[in-house]
Amino acid sequence: MNETDKKAYNASIKSYDTEEFIDLWFYRPLGFHCALFFRNRGIHPNIVTIASILLGIAAGICFTQENLRWNILGILLLMWANLYDSTDGQLARITGQKTRWGRILDGFAGDVWFFFIYAAIAIRTTFEPIPFAPQYEWGVLIWILCSFAGFWVHGSQCQLADYYRNIHLFFINENNGNEFDNSQAQRKLFKETTWKGNFFWKIFLHFYVAYTENQERMSPKFQQMIKIVKERYKGDIPQQLRNEFRAGSLPLMKYTNILTFNSRFIMLWFALLIQQLWLYLFFELVILMAIFTYMRYRHERLSQRITDKIENGYEYR
């Protein structure tokens, strides 16, 4: 890339603090070239997002088949969907076409992919024997586990990981953290938005209010900290406080990345390869849940430490 392209590429990245190795090595560079391709043809980022949703749905359908060729096709389609999930954000940043609608739609895309992936796991596994108890089939149990993993565990993990990344960006630079939303502001926006002419936007806002409320419920110590920080320093957070929070938050970014797409993709590919899809659920419900719990504990402890310092009279500069 020439210097102009390098500057444009760096502008398309939110922050190197929050980027994962696989994304920086593969998805971001390739996504940037895709973004340039779409920009030169006047294609809006939301169109790219919709394409990623359709590709993810197609991947989930492929995973319902026991044939390995169909599964490989599904993996390639899922990689393509994730590439476009990277591309839409990069395209929005280099063209200045960043919108709240686009951001919410982008978050919705991954939920749609995994809805079809969990459904595929349940369909494939229903009549298979349970490991270590081969006299029993999974039956309705696998549907319960997939529903629990998809609607509660997976959702909570991704919501909090996304929230922590946006918080981290906010404390690095408030302008870079403009995706750090609170439920009170979103609820106000929902009430002020009329149904007439805004039906789908209103529906999106309804779910987004619930999304932000859940993020805040999972981070009570941080909510206490940010309230005190805003009351004490108004809109001018001292650089010393930003630096301290970033230093404590940065080591946790590796956990937020584990809880997002790439680790799940690798485990799904492994489970498909050996035809043991229940292993993906074990990974989700046990391993990722342990990482989620540890990450949340560390972040809450960091927030409590800063709150205690402010309440005890320490003045950040």
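Numbering of the sequence shown is given in the numbering used here, commencing with residue 1260 and proceeding in unit increments. Quick reminder that beta carbons are idealized off the backbone N, C-alpha and C, glycines included.
Report the three-state DSSP secondary structure of residue i (helix, strand or coil).
i	result
E1396	strand
P1388	strand
I1316	helix
F1524	helix
I1249	Outside the shown range of the chain, which is 1260 to 1576, sits residue 1249, and nothing can be said about it.
W1454	coil
N1432	coil
N1516	helix
H1303	coil
N1341	helix
S1274	coil
T1323	coil
G1414	helix
F1439	coil
R1557	helix
K1357	coil
E1574	coil
E1279	coil
Using the Cβ count rule (16 or more neighbours within 10 Å means buried), how would you classify residue i?
i	result
V1399	exposed
R1576	exposed
R1555	buried
F1386	exposed
D1567	exposed
R1300	exposed
V1545	exposed
N1457	exposed
S1562	buried
Q1474	buried
I1431	buried
G1355	exposed
P1393	exposed
Q1534	exposed
T1346	buried
F1391	exposed
W1284	exposed
T1308	buried
R1476	exposed
E1574	exposed
N1571	exposed
P1304	buried
W1411	exposed
G1409	buried
Worksheet item: Considering only residues of the segment 1477-1504, which uninterrupted alpha helix (DSSP H) runs meet the minimum length of 4 residues and lie entirely inside it, listed in chain order?
Response: Within the segment 1477-1504, the complete alpha helix (DSSP H) runs of at least 4 residues are 1479-1492.
Practice prompt. Assess, as a yes-or-no matter, whether the segment 1491-1498 is touched by the segment 1398-1418 under the definition of 3 or more beta carbon pairs within less than 8 Å.
Written response: no
Discussion item. With three or more beta-carbon pairs closer than 8 Å as the criterion, would you say the segment 1322-1334 touches the segment 1268-1276?
Written reply: no
Item to complete: Evaluate contact between the segment 1314-1322 and the segment 1276-1290, counting only Cβ atoms and requiring at least three cross-stretch pairs below 8 Å.
Response: no
Discussion item. Quick check: the segment 1440-1457 against the segment 1334-1354, are at least 3 beta-carbon pairs closer than 8 Å?
Written reply: no
Worksheet entry | the segment 1448-1467 in contact with the segment 1517-1529 per 3-pair CB rule at 8 Å | no
Worksheet item: Are the segment 1454-1469 and the segment 1358-1368 touching, with three or more C-beta to C-beta distances below 8 Å?
Response: yes
Discussion item. Three Cβ pairs or more, each shorter than 8 Å: is that satisfied between the segment 1295-1310 and the segment 1481-1493?
Written reply: no
Discussion item. With a threshold of 8 Å, are at least 3 pairs of Cβ atoms found where one atom belongs to the segment 1508-1515 and the other to the segment 1364-1376?
Written reply: no
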